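Student: Please find one structure pasted underneath; my questions will follow.
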Amino acid sequence: MAPDKTIVCKVVDDVLSSGCEVGALVNIIRPTSEGSCAMPAKISAIKDNGRTILLVPMGRPTKVQRRVFPRVIAEGGVKLKLEFDNSNSLYKSMQVYDISGGGIGLTIYSKKAIFIGQRAKLEIEFHMYKNKVQARGEVVHCSQRNQGSREFLIGVVFVQISEGDQEVVLEFVAAEMQRQMVAGKLKEKSISAAEAGEIEHEEQPTQPACEEQPAPPAQDDQPEEDEQQPDELPLAV
C-alpha cells in the first residue's frame, strides 16, 4: 500500500469506535503469513452515516509482532504422527502436552538428542474432526526433563500449514478451552509453549537446550523401571 493512495474501509460494527473522526490518526493492521504489518493513516472523510471511512496512509507498512495464539493443555482427543527430516532422529514414544494455532508442545522419548532447528512433518488427528491436519514444523525449544534421561520436552512451531488446517486447530483449541472452563480445569496460559519457546514444568526444572546436552547413551527400547515417568502430563489418545 503506497502512502499516496486512499483506502476505503467499511464499518462492520453498528457504532464507530471513539476517536474515529475526520483528522484522527489510526493504525491499519493487515495479517500476513508471518504475523502482521501496521501502517499509520489519517481519516480524511466519513460517509454513509459513519459506515464508510476514507483513510490516507501517512507512512510505510512496518512488520509487527507475529500473531499470538491461545493454547490449551491437551487432555486427550489428539493423535500426532511426527516424522523428522533427519531419519536418524527416531523416537520410541511421545505425549502431546499442549497445542495452539501456531504450534504444538510435547514430550518425546528418544535415544538420540533432538536439536533446535530440526524440521519435521506433522500429521494431527482430532477426535472431533474427520480430516487430518497436515503441517511442517520446526523445533524451537528442546530440553531434557532430567539429566541423562531420554525424555525430552520440545516445542514445535508450525512453519507451513494451510489456512483450512489452521482453522481446524483453532476450532479444536476453542472447543477444548470451553470444555475445560466448564470443568474448572482451564489454566490461565495464553501463549503456546511452542511459540514462547518453553514448556513449563512445575515439578521439575528444565535443563539447558538439547544441543548443549550430550546425546543420551543408547539403551533398551523401553525406559528403565527406575526412570521417572511424566505422571503429570496427559497421554495423547
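Residues 0 to 236 in numbering that gives the first Met the number 0 are what the sequence shown spells out, letter by letter.
All C-beta atoms, glycine included, are put in the ideal place defined by N, C-alpha and C.
Just so it is clear, the structure is predicted and the values come from calculations on it, not from any experiment.
Drop a sphere of 10 angstroms on the beta-carbon of Glu-224, count the other beta-carbons inside from all chains shown, and report buried for 16 or more, exposed for fewer.
Tutor: The sequence position of residue 224 within the sequence shown is 225, counting from 1. In this predicted model, Glu-224 has a pLDDT of only 43, less than 50, meaning its place in the structure is not dependable; the value taken from the coordinates is given anyway. With fewer than 16 other Cβ atoms within 10 Å, it is exposed.
Student: Report the three-state DSSP secondary structure of Asn-48 (helix, strand or coil).
Tutor: As a position in the sequence shown, residue 48 is number 49, starting the count at 1. DSSP places Asn-48 in helix when its eight states are reduced to three.
Student: The alpha helix (DSSP H) that contains Gln-179, what's its start and end?
Tutor: The residue you call residue 179 lines up with position 180 of the sequence shown. Per DSSP, Gln-179 belongs to the alpha helix (DSSP H) from 162 to 182.
Student: Would you give the residue range spanned by the beta strand (DSSP E) that His-140 belongs to?
Tutor: Here residue 140 refers to the residue found at position 141 when the sequence shown is read from its first residue. Counting along the chain, the beta strand (DSSP E) containing His-140 begins and ends at 132 to 143.
Student: So, with DSSP's three-state summary, where would you put Asn-26?
Tutor: Here residue 26 refers to the residue found at position 27 of the sequence shown. Residue state, collapsed to three classes: strand.
Student: Which residues bound the beta strand (DSSP E) around Val-146?
Tutor: Your numbering for residue 146 matches position 147 in the sequence shown. The sequence given here has Gln at residue 146, not Val. Looking at the DSSP string, Gln-146 is not in any beta strand (DSSP E), and its letter there is neither H nor E.
Student: Grouping DSSP H, G and I as helix and E and B as strand, with all else coil, what is Met-93?
Tutor: Along the sequence shown, one-based indexing puts residue 93 at 94. If DSSP states are grouped into helix, strand and coil, Met-93 belongs with the strands.
Student: Report yes if the C-beta of Phe-83 is less than 7 Å from at least one heavy atom of the ligand FMN; otherwise report no.
Tutor: The ligand FMN is not part of this structure, which contains no ligands at all.
Student: From the DSSP output, in three-state form, read off Gln-117 for me.
Tutor: For the purposes of this step, residue 117 is taken as the residue at position 118 of the sequence shown. Note: Gln-117 maps to coil in three-state DSSP.
Student: Using DSSP bridges, identify the partner residues of Phe-68.
Tutor: Taking the sequence shown and counting its residues from 1, the one referred to as residue 68 is at position 69. Partner(s): none; Phe-68 has no beta bridge.
Student: Going by DSSP, name the residue or residues bridged to Ser-99.
Tutor: The sequence position of residue 99 within the sequence shown is 100, counting from 1. According to DSSP, which records beta bridges pairwise, Ser-99 is partnered with Arg-70, Gly-102.
Student: Would you decide whether His-126 is buried or exposed? Buried here means 16 or more other CB atoms lie within 10 Å of its CB.
Tutor: Working through the sequence shown from its first residue, we reach residue 126 at position 127. Exposed: under 16 other Cβ atoms inside 10 Å.
Student: Do Ala-44 and Val-25 have their CB atoms nearer than 8 Å?
Tutor: Within the sequence shown, residue 44 is the residue found at index 45, counting from 1. Within the sequence shown, residue 25 is the residue found at index 26, counting from 1. No, the Cβ-Cβ distance between Ala-44 and Val-25 is not below 8 Å.
Student: Quick one: what does DSSP say Lys-129 is sitting in, helix, strand or coil?
Tutor: Start at 1 with the first residue of the sequence shown, and residue 129 comes out as number 130. In the structure shown, Lys-129 sits in coil (DSSP, three-state: anything other than H, G, I, E or B).
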